[in-house]
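Per the numbering used here, the very first residue in the sequence shown carries number 1268; after that it's consecutive.
All residues carry an ideal CB built from backbone N, CA and C; glycine is no exception.
Treat the numbers as computed from the prediction; the structure is a model and nothing was measured.
The block underneath contains the structure these notes are about, expressed in structure tokens.
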Amino acid sequence: MIIGIGARRGVSSQEAIDAVHNALAELGRDIADVQLLASAKLKENEEGLHEASKTLGIELRFIDHDELNRYDAPSDSQAKRFGLTGVAEPAALALSEKKELILRKKVYGRITIAIAE
1268 MIIGIGARRG VSSQEAIDAV HNALAELGRD IADVQLLASA KLKENEEGLH EASKTLGIEL
1328 RFIDHDELNR YDAPSDSQAK RFGLTGVAEP AALALSEKKE LILRKKVYGR ITIAIAE
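Next up, the structure:
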């Protein structure tokens, strides 16, 4: 599984960790099933995402905007104002094998999570 993460500016690592755990719980899946975390390049300076990645022990990759825009986000996204089709859903899809969302974008406070296989 690939977890795509969108985040508001200045999120804490705990916000990201809680959102990941809540999304996995909704699917009845375990953190051990997660291969990668993914987000947009525009989020690569978000320290909370980096810290969450380290705490969870899961690599975080930032996807180029051109790559993200190759994927249609089935849900409406605030990322359109940055010229992106989305963040969480396209990021999860971009790195997944089956290119199939098993959890469409869901907002957990200031974090958005989507999960793909």
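How big is the Cα-Cα spacing for residue i and residue j?
i	j	result
L1303	A1283	14 Å
E1311	H1288	21 Å
L1360	A1274	17 Å
K1308	A1358	10 Å
G1376	E1313	16 Å
K1321	R1371	25 Å
Can you tell me whether DSSP reads residue i as helix, strand or coil?
i	result
S1306	strand
V1374	strand
I1325	coil
N1336	coil
P1341	coil
V1301	coil
S1363	coil
V1354	coil
In the DSSP output, which residue or residues are listed as bridge partners for residue i?
i	result
G1273	T1379
L1368	A1383
I1213	Since the first residue of the chain shown is 1268 and the last is 1384, residue 1213 is not available in this structure.
Return the first residue and the last residue of the alpha helix (DSSP H) that residue i is part of.
i	result
E1313	Taken as a continuous stretch (DSSP letters only), E1313 belongs to no alpha helix (DSSP H), as it is neither H nor E.
S1419	This structure does not reach residue 1419, given that the chain is present from 1268 up to 1384, and the question cannot be answered.
Please look up how many angstroms separate the CB atoms of residue i and residue j, rounded, as I've assumed it's under 8 Å.
i	j	result
E1384	E1356	That belief does not hold up - the Cβ atoms of E1384 and E1356 are roughly 13 Å apart, past 8 Å.
L1362	R1328	7 Å
L1294	I1369	6 Å
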